[in-house]
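Enquirer:
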Amino acid sequence: MTFAAEDIQVWAGSVIWPFVRISAMLLVAPVFGARNVNVRARLSLGLLLALVVAPQVSGQALIDPLSLNGLVVAIHQVLIGIAMGFVLQMVFSALTQAGELVALSMGLGFASAVDPVGGVQVPMISQYFTILATLIFLALNGHLVLIELLIRSFDTLPIMAEGVTRDQLWLVVSFGGQMFAGAMLIALPAVASLLLVNIAMGVMTRAAPQLNIFAVGFPLTILAGFLIILLILPGFPARIGELLMVAFALVQQILRM
């Protein structure tokens, strides 16, 4: 059995181009892109998905990966993958921001730990919100939905397509503003309630100047903060689900589905 150079080029392209798009998505997507996920496992998953997609894109990869056109195609695939993962990552960043706002209002801004997703120091409340969001994301099969959209993207955005347009990139940037508003809505009940607690502490200090506000107010604020978080937890999954649905809708819009 003999293979022509064109056949080898088509076969290699049908694996390389999907692998570039898939790897870019896995690099920044939630759960898959976490720093505690082994790089070899991530690359192995990307290669496995590329082999699964290869028969689907065998007619789309008629280009030399080592040519200038191949470089342009590679950039397009990277942009598509990063856009998919970055949109969902912004949801988790919004929850981290919400946790920081709540932690600062509680007086726990100093209590921080390393975030396994971003690898940076974040308050413990942000870490708690991120863990809850990750569990909800997995419970809703968000990781499977993301992989399904990724595989379907090779039909709606073929290898030789122009990729992500400027307008679509602007949609991704605008989505960041929506996520900031979502973070404010999540943190608003706790922040507003803790503000009332602090106002009450101020009134007590004016009424009883001999009261040691630091000995009483600090533990009371922390206790009130945890009670408020306990009260808002029942609505937490629904709010995260709404943010994820908006994010997936934007991903579908980027992929022209």
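The opening residue of the sequence shown carries number -1 in the numbering used here; numbering runs sequentially from there. For every residue, glycine included, the Cβ atom is placed at its ideal position computed from N, Cα and C. None of the values given here were measured: they were computed from a predicted structure.
1. Report the three-state DSSP secondary structure of GLN87 (helix, strand or coil).
2. Between the Cα of VAL143 and those of GLY174, GLY83, ALA179, LEU231, spot the shortest distance and give me the residue it belongs to.
3. List, from N- to C-terminal side, the alpha helix (DSSP H) runs of 4 residues or more that fit wholly inside the stretch 8 to 61.
4. Among ASP165, HIS141, VAL70, MET104, which has the Cα closest to the Cα of GLN251?
5. LEU86 and ALA245 - do their beta-carbons sit closer together than 8 angstroms?
6. Tell me where the alpha helix (DSSP H) around VAL189 begins and ends.
7. Taking Cβ to Cβ, would you say ALA137 is nearer than 8 angstroms to VAL76?
8. Nearest to ILE226 by alpha carbon, out of GLY97, VAL13, PRO121?
9. What residue range does the alpha helix (DSSP H) around MET158 cover?
10. My guess is that ILE73 and ALA101 are in contact by the Cβ rule of under 8 angstroms, so how many angstroms apart are they, rounded?
11. Counting beta carbon pairs with one atom in the stretch 232 to 242 and one in the stretch 204 to 220, are three or more of them shorter than 8 angstroms?
12. Secondary structure at ARG254, three-state DSSP: helix, strand or coil?
13. Exposed or buried, which one is ALA205 when buried takes at least 16 other CB atoms within 10 Å?
14. In whole angstroms, give me the CA-to-CA distance for ALA27 and ALA222.
15. ILE20 to ALA32, Cα distance in whole Å?
16. DSSP state of MET(-1), grouped into three classes?
17. When the Cα atoms are used, what is the spatial distance from ARG150 to LEU231?
18. Under the assumption that LEU248 contacts LEU194 (Cβ atoms under 8 angstroms), give the Cβ distance between them as a whole number of angstroms.
19. Does the distance from the CB of MET104 to the CB of PHE173 come in under 8 angstroms?
20. What's the C-alpha gap between LEU148 and LEU66?
Expert: The relevant details are as follows:
1. Translated into the one-based positions of the sequence shown, residue 87 becomes position 89. Helix at GLN87.
2. As a position in the sequence shown, residue 143 is number 145, starting the count at 1. Taking only the C-alpha atoms, the option nearest VAL143 is GLY83.
3. 37 to 51
4. Position 253 of the sequence shown, counted from the start, is the residue given in the question as residue 251. Per the Cα distances, ASP165.
5. Taking the sequence shown and counting its residues from 1, one reaches residue 245 at position 247. Taking the sequence shown and counting its residues from 1, one reaches residue 86 at position 88. Yes, the Cβ-Cβ distance between ALA245 and LEU86 is below 8 angstroms.
6. The residue you call residue 189 lines up with position 191 of the sequence shown. Here the alpha helix (DSSP H) through VAL189 covers 164 to 205.
7. Walking along the sequence shown from the start, residue 137 turns up at place 139. Walking along the sequence shown from the start, residue 76 turns up at place 78. No.
8. Position 228 of the sequence shown, counted from the first residue, corresponds to residue 226. Closest by alpha carbon: GLY97.
9. Along the sequence shown, read from residue 1 onward, the residue named residue 158 stands at position 160. Element bounds for MET158: n/a, residue is neither H nor E.
10. Along the sequence shown, read from residue 1 onward, the residue named residue 73 stands at position 75. Along the sequence shown, read from residue 1 onward, the residue named residue 101 stands at position 103. 39 angstroms between Cβ atoms; not a contact.
11. no
12. Residue 254 sits at position 256 when you count from the first residue of the sequence shown. If DSSP states are grouped into helix, strand and coil, ARG254 belongs with coil.
13. Here residue 205 is taken as the residue at index 207 of the sequence shown, counted from 1. It counts as exposed.
14. As a first step, residue 27 must be located in the sequence shown, where it is residue number 29. As a first step, residue 222 must be located in the sequence shown, where it is residue number 224. Cα-Cα distance, rounded: 35 angstroms.
15. The sequence position of residue 20 within the sequence shown is 22, counting from 1. The sequence position of residue 32 within the sequence shown is 34, counting from 1. Going from the Cα of ILE20 to the Cα of ALA32 covers about 15 angstroms.
16. Locating residue -1 in the sequence shown gives position 1, where the first residue counts as 1. The predicted position of MET(-1) is uncertain, since its pLDDT is 47 and thus under 50; a value taken from the coordinates is nonetheless stated next. Coil.
17. One-based indexing of the sequence shown puts residue 150 at position 152. One-based indexing of the sequence shown puts residue 231 at position 233. Roughly 35 angstroms between the two C-alpha positions.
18. Looking up residue 248 in the sequence shown gives position 250. Looking up residue 194 in the sequence shown gives position 196. That belief does not hold up - the Cβ atoms of LEU248 and LEU194 are roughly 36 angstroms apart, past 8 angstroms.
19. What you label residue 104 is simply residue 106 of the sequence shown in a count that begins at 1. What you label residue 173 is simply residue 175 of the sequence shown in a count that begins at 1. Not closer than 8 angstroms, so no.
20. As a first step, residue 148 must be located in the sequence shown, where it is residue number 150. As a first step, residue 66 must be located in the sequence shown, where it is residue number 68. So the alpha carbons of these two residues sit roughly 25 angstroms apart.
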